Amino acid sequence: MHRPTFATIVTTHRAASPSGTLPARIIKPAGRSGLPPLVVLHGISRNADELVDLFTPEAETSGRVVVVPHFSERDWPHFQRPCRAARPDQALLAMLSHLAQGDAAFAGPVDVFGHSGGAQLAHRFAMLYPHRVGRLSLAAAGWYCLPDASMAYPYGLGVDEDPASLCWARRHEQALGAYLRLPVQVFVGLEDSLRDDTLRKTPRLDRLQGPTRIARARTYVAHFRKAAQAKGITPDISLTHLPGIGHDVTQAIRDAGLATKVARGVTTSRSWFPLEVAS
């Protein structure tokens, strides 16, 4: 376990929103670099404490404040995406507003990273509030909301017979241009190909995005690029394959330097290949 230096402070904050209360651990290094704060979102293992330990060295090295929220299973059984059952996006906004009262850096855009279910929340938060996000980093999301109106929400930004899909599609469309201008890093392990119990599996999703997290990451990047170019925007998005890494954020951080890549904006071992939109 990494032990913070005496100059590094880890504190706990709680922020209330109409959707519920969200706690978070805040890692504050002694030397601030001027980089924006980094929000780190856990997956369904809800291993916030472990992520605090894993990201503390990067907070100290990069000189940036790191925020690790904890969506408990009791209070937030559904946290991966905003929906009628839960609004984790409102909770994150409330946390940022709360932290901005004591640190002006939180009043502006923050960098956001998520792994697995946290990556699902991260990109959906960025779609709704791109003005609150500086750089978006996504690792091993199980599936994505694609910036494509030909697919009904939540798979894309189109509508179907569900009245809620029209509401969400309109919200996302309003911010789509700003979202597509964000710098985005997508990471996925080359061994993350199992269709395990935690992966959402439906015939429709498999057809639209592919059968594995690797395939779905490629689909997301391809659709992001296509949507940006359709609006005359030069996309700033990369896909990095992590050799030897499965669906394990601890392994990705310790063996592939994922926390370093995220905290310092490093995209070494990037995979380049033609990306085609899945039909």
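Those letters in the sequence shown? Residues 221 to 499, per my numbering, in order.
C-beta atoms are modelled at their ideal positions from N, C-alpha and C, and glycine is treated no differently.
Quantities reported herein were computed from a predicted structural model and do not represent experimental measurements.
Query                                                                                                         : Result
V272 - partner residues in DSSP beta bridges                                                                  : Beta-bridge pairing links V272 to no other residue.
Proximity below 7 Å, CB of A342 to CB of G334                                                                 : yes
Residue range of the unbroken alpha helix (DSSP H) whose run includes D475                                    : V469 to A476
Other residues of its chain near S357: CB distance less than 6 Å, five sequence neighbours each side excluded : F333, Q405 and V482
Run of the alpha helix (DSSP H) containing V441, from where it starts to where it stops                       : R433 to A450
Pairwise C-alpha distance: L478 and G409                                                                      : 10 Å
Alpha carbon of A435 to alpha carbon of L425, nearest angstrom                                                : 11 Å
Spatial distance of H318 from P403 (CA atoms)                                                                 : 26 Å
Sufficient close CB pairs (3 or more, under 8 Å) joining the stretch 300 to 318 to the stretch 232 to 240     : yes
Assigned exposure category for T488 - 16 Cβ within 10 Å defines buried                                        : Confidence is the limiting factor: at T488 the pLDDT is only 41, short of 50, which leaves the residue's position unreliable, though a coordinate-based value still follows. With fewer than 16 other Cβ atoms within 10 Å, it is exposed.
Cutoff 7 Å: S237 Cβ touching any chain C Cβ                                                                   : Of the protein chains in the structure, only one exists, and it is not chain C.
When F275, G263 and G240 are compared against I525, the one with the closest alpha-carbon                     : The question about residue 525 has no answer, for the chain in this structure spans 221 to 499.
First through last residue of the beta strand (DSSP E) which encompasses D331                                 : V330 to H335
A250 to A346 span [Cα, whole Å]                                                                               : 29 Å
Assigned secondary structure, T241 (DSSP; H/G/I helix, E/B strand, else coil)                                 : strand
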